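Written out below as structure tokens is the structure these notes cover.
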Amino acid sequence: MVTEPGDGTADHRPGRPDRSEPAEAAQAQTGSTSMSGPEPAPAPARPAWSQVWPPWTYWVRTTLAVVATLLVVAAARRISHVLLLALVAFVLAIGLDPAVQWLGKLRIRRGWAVAIIFVGLVVFLALFVALLIPLLAREVPQFAAALPGFLADLQRRDDWLGNAFRHASVSAEVRQFIADLPSKIGKSFTAIVGAAGTAFGRVFDVFTVGILCIYFMVALPRLPATIAKLVSRDRRAHVNLLLQRSFDKIGGYVSGNLITSTVCAAATVVALLALRIDYAVPLGLWAGVADLIPQVGAYLGAVPAVLVALTEGPAYSVATVVFFIAYQLFENYLLAPRVYKSSIDLSPAAVIISTLAGGILAGFAGALLALPIAATIKVIAVDVVLASRSNAPPEDPANDGPAAPHDN
0 MVTEPGDGTA
10 DHRPGRPDRS
20 EPAEAAQAQT
30 GSTSMSGPEP
40 APAPARPAWS
50 QVWPPWTYWV
60 RTTLAVVATL
70 LVVAAARRIS
80 HVLLLALVAF
90 VLAIGLDPAV
100 QWLGKLRIRR
110 GWAVAIIFVG
120 LVVFLALFVA
130 LLIPLLAREV
140 PQFAAALPGF
150 LADLQRRDDW
160 LGNAFRHASV
170 SAEVRQFIAD
180 LPSKIGKSFT
190 AIVGAAGTAF
200 GRVFDVFTVG
210 ILCIYFMVAL
220 PRLPATIAKL
230 VSRDRRAHVN
240 LLLQRSFDKI
250 GGYVSGNLIT
260 STVCAAATVV
270 ALLALRIDYA
280 VPLGLWAGVA
290 DLIPQVGAYL
300 GAVPAVLVAL
310 TEGPAYSVAT
320 VVFFIAYQLF
330 ENYLLAPRVY
340 KSSIDLSPAA
350 VIISTLAGGI
360 LAGFAGALLA
370 LPIAATIKVI
380 AVDVVLASRS
390 NAPPEDPAND
400 GPAAPHDN
């Protein structure tokens with residue numbers, strides 16, 4: 000077949016080079032260059048210091064965050080008393096929630112259940128104060144007035160206790176301090192009563208705690224879902240579950256603590272009355288109040304009763320010590336496991352450290368609120384640790400050890 004020149008068919012005769020392919024490649028390269036335009040100039044290299052030093056926007060954000068944190072801390076310090084009242088009301092509401100739920104099982108609406116619990120609590124406190132304050136006002140001054148006679152009886156005893164008080168190593172200053180102890184106790188009791196009267200005379204604080212407690216008790220079922228709205232939608236269910244778990248732990252602890260303290264006070268009063276120890280009611284009340292403080296409260300509640308029993312004789316003091324030891328065994332191994340039901344899953348060391356830290360930061364109220372706060376922190380921390388472990392990348396099997404030799 001004869002190929003006509005100019006018909007567009009390439010001439011591939013042997014011995015003649017094909018010049019059409021280089022021409023087409025050059026034309027394609029020229030066309031692509033003309034359509035895309037000239038290549039952009041390379042970006043100027045950043046200085047070496049800018050690769051190490053953060054940009055100025057980072058420092059602006061950091062400064063604003065520090066200033067905002069300082070302002071929040073300053074405001075919190077100014078309203079720390081109000082925040083403490085709100086926290087007490089919130090924890091008290093969570094502690095009373097099991098009673099509200101029990102009334103709810105009886106088909107009583109939550110609002111009416113809260114009203115019943117609150118009215119019952121007010122009536123109980125009113126009767127408690129009306130019956131106890133006159134008794135304390137009568138027995139505590141009698142106890143202070145009877146101390147010199149107790150000390151004289153101790154010095155006349157013909158045993159190791161009397162010899163210890165008559166021993167020459169007891170300096171005159173110590174004897175004078177013991178002799179002045181009744182007046183010091185009377186003055187201290189007067190100061191304590193005045194401070195307690197001032198504290199309880201703050202009607203606004205009591206009213207604030209009561210109103211906030213009622214609000215928290217009514218709104219408690221909706222609070223987890225309301226707080227969960229502050230996070231993204233995909234995490235709301237998880238945050239809601241986490242808050243419910245924290246509320247259950249706090250409620251179980253507070254209600255259990257109230258039950259064990261009431262049992263401790265009643266058992267101490269009955270035991271001291273059976274031993275015919277004077278001032279059994281105020282000593283039992285003190286043991287119950289001190290039992291609210293975990294771990295160390297039992298020892299604080301036992302010391303006054305043992306000292307008063309010591310004035311009756313060593314046998315009475317030994318019997319009092321035996322009672323408190325037996326009661327602590329009963330509370331720790333029989334009562335507490337059934338009441339708390341592992342609501343506070345903390346080690347003894349964590350309990351003591353939390354209680355001491357709370358007492359240093361906020362006094363008696365801080366010691367009472369330390370364990371609920373510590374339990375909540377543990378729930379959140381455990382959840383964060385488990386989430387980080389679940390999101391961790393799987394380990395590379397190649398890094399587990401040296402690779403096995405391959406067969407050639």
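Residue numbers (numbering that gives the first Met the number 0): 0 to 407.
Each residue gets a CB set at the ideal place from its N, CA and C atoms; glycine is no exception.
Treat the numbers as computed from the prediction; the structure is a model and nothing was measured.
Would DSSP call K104 helix, strand or coil? helix
Select from A224, C263, I276, V317 the residue whose C-alpha is nearest the C-alpha of L328. C263
Evaluate the contact criterion for the stretch 70-89 versus the stretch 362-369: three or more CB pairs, one atom per stretch, below 8 Å. yes
Whole-angstrom distance between W55 and E20, CA atom to CA atom: Any reading at E20 needs caution, since the residue's pLDDT is 48, under 50, leaving its predicted position unreliable; the model's value is listed next. In a straight line, the C-alpha of E20 is about 56 Å away from that of W55.
Between the CA atoms of S245 and V378 - distance to the nearest angstrom: 7 Å
What is the DSSP secondary structure of A214, counted as helix, strand or coil? In the sequence as presented, Ala is not what sits at residue 214; that position holds Tyr. Three-state DSSP puts Y214 in a helix.
Alpha helix (DSSP H) runs contained entirely in the stretch 281-344, provided each spans 4 or more residues: 296-311, 313-329, 335-339
Is it a yes or a no for the stretch 317-336 touching the stretch 344-360, going by three-plus beta-carbon pairs under 8 Å? no
Local conformation of R76 per DSSP, three classes: helix
Tell me which residues share the same chain as V338 and place their Cβ nearer than 7 Å to its Cβ, disregarding the 5 neighbours each side in the sequence. G255, I258, T259
Looking at G357 and I376, is the spacing between their C-beta atoms short of 9 Å? no
Per-residue burial, Y326 [other beta carbons within 10 Å of its own, 16 or more giving buried]: buried
Between the C-alpha atoms of V230 and N239, what's the straight-line distance to the nearest angstrom? 10 Å
Excluding the 5 residues flanking A227 on each side, which residues of the same chain have their C-beta closer than 6 Å to its C-beta? R235, V238, N239
Count the other CB atoms within 10 Å of the CB of I292; is the residue buried (16 or more) or exposed (fewer)? buried
So is V66 buried or exposed if we call it buried at 16+ other beta carbons inside 10 Å? exposed
Determine the direct distance from the alpha carbon of A64 to that of L124, and round the result to whole angstroms. 46 Å
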